[in-house]
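Quick note on numbering: full-length UniProt numbering labels position 127 of the sequence shown as 127, and the sequence is numbered without any gaps. The beta-carbon is built from N, C-alpha and C at its ideal position, and this holds for glycine as well. Below: the structure, in structure tokens.
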Amino acid sequence: MSKYCLTVTCPSTRGIVATISTYLAANGCNITDSSQFDDLATGRFFMRMSFVPETGVTLQELQDGMAEAARPFGMTYGFHDERRKEKVVVMVSRFGHCLNDLLYRSRIGALPIEIVAVISNHLDYQKVVVNQDIPFYCIRVTKENKPQAEAQILSVVEDTGAELIVLARYMQILSDTMCRKMSGRIINIHHSFLPSFKGANPYKQAHERGVKLIGATSHYVTSDLDEGPIIEQDTVRVTHAQSPEDYVSLGRDVEAQVLSRAVHAHVHKRVFLNGDKTVVFPAAAGAFASERMG
């Protein structure tokens with residue numbers, strides 16, 4: 001049976017939920033999950049509803065028919081097929097833990113994505129990627145060729161029909177032009193030591209300062225480096241007994257988990273941009289289930 005979801009943002013006012021529920025019921029849809037948030041600070045309303053169409057109504061019919069009900073509220077809305085896998089381009093440099101995690105979760109169906117290409121500025125993971133029948137592109141980036149390199153990257157995105165770029169420890173700064181062009185469609189991951197520990201060896205610096213929590217942050221990419229709207233974060237506790245190498249290993253684990261959770265939330269349409277931050281609704285029952293074990 002088909003399962004759809006509806007996402008809605010609009011100014012907050014009374015009658016929104018009643019109008020949406022009435023519309024779905026009138027079109028033979030049974031609501032199975034619903035989340036909503038009223039931001040009192042901005043006066044914005046956010047909602048995500050999952051539902052089952054029980055009388056054969058299509059997504060396009062629902063999308064077209066909603067216009068009249070949505071108009072008085074100034075709604076921005078979209079209907080989505082929850083079974084559809086989003087096309088994703090993954091970009092990576094020389095740290096492969098996040099890439100490998102995404103490949104595995106995609107393969108077993110834990111992430112409803114289709115990785116249509118992997119782009120790297122190195123050849124380290126070419127064999128890993130092509131062995132899974134995924135196109136691999138090595139696009140080297142220098143100060144001199146950066147505009148041309150980014151044009152190649154965007155060409156891959158367009159040719160593959162990718163809807164999302166995931167920076168799985170891609171160690172290049174994207175230009176303002178690319179960030180604007182792909183606004184809300186690039187997700188990044190990095191350690192959460194910033195701004196305290198910068199540079200190439202943040203875990204070593206953290207160890208030297210006796211840090212007790214290692215964290216990771218996943219966010220949408222903007223032209224402000226590492227300051228885009230945050231989607232997901234987590235931490236792991238460390239003690240004085242751990243070595244700098246332990247910090248790095250634990251950091252890799254939390255980075256991979258945080259990135260996969262951020263991608264999961266995005267492709268399930270659970271993330272809403274709200275100015276410089278996000279509204280992230282919890283996953284519905286069954287959202288993390290895998291198609292197979294391995």
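- Within the segment 93-151, complete beta strand (DSSP E) segments of at least 3 residues are found at 113-120 and 136-138, given in chain order.
- With 16 or more other Cβ atoms from the protein chains shown falling within 10 Å of its own Cβ, E255 counts as buried.
- Minimum Cα-Cα distance from S260 among the listed residues A110, F37 and P11 corresponds to A110.
- In the DSSP secondary-structure assignment, T235 is bridged to G215.
- Listed as beta-bridge partners of I186 by DSSP are I165.
- Cβ-Cβ separation between P53 and Y23: approximately 12 Å, too far for a contact (criterion under 8 Å).
- Where V254 is concerned, the enclosing alpha helix (DSSP H) starts and stops at P244 to V267.
- Q257 and V90 have their C-alpha atoms roughly 16 Å apart.
- Going by C-alpha positions, T177 is about 26 Å away from A265.
- For R44, the pairing in a beta bridge is given by DSSP as P11 and D39.
- Proximity of the segment 191-199 to the segment 212-226 meets the contact definition, three or more beta-carbon pairs being nearer than 8 Å.
- Residue pairing of S290 in beta bridges, as defined by DSSP: absent, with no partner found.
- In the DSSP annotation of this structure, the continuous segment of the beta strand (DSSP E) that includes D81 starts and ends at T76 to D81.
- Pairwise C-beta distances place the segment 3-21 in contact with the segment 70-78, as three or more of them are shorter than 8 Å.
- If you check the CB distance, V116 and K87 come in under 9 Å.
- Taking the CA atoms as reference points, A283 sits about 15 Å from F46.
- The criterion of a C-beta distance shorter than 9 Å is not satisfied by L59 and C29.
- With respect to the C-alpha of E82, the residue from V280, V279, I108 and H268 having the closest C-alpha is H268.
- According to DSSP, I31 shares a beta bridge with F51.
- Shown here, T278 sits in a strand according to DSSP, grouped into three states.
- Annotated as distal: F51 and F281, with beta-carbon spacing of 9 Å or more.
- In terms of CA proximity to I187, R169 leads the group N201, S175 and R169.
- Looking at the DSSP output, V271 sits in a beta bridge with V280.
- Secondary structure of V17 (DSSP, three-state): helix.
- For R180, the enclosing alpha helix (DSSP H) starts and ends at D176 to K181.
- When DSSP reads this structure, M91 sits in a beta bridge with I119 and L167.
- Residue burial is scored here from C-beta neighbours: A162 has at least 16 other C-beta atoms within 10 angstroms and is therefore classed as buried.
- Rounded to whole angstroms, T42 and C10 show a C-alpha spacing of 11 Å.
- Remark: C-beta atoms of H97 and R270 do not approach each other more closely than 9 Å.
- Within the same chain, K3, S50, F51, V52 and A284 come within 8 Å of T32 by CB-CB distance, once the 5 residues on both sides are set aside.
- Here the C-alpha atom of D124 lies approximately 16 Å from the C-alpha atom of D133.
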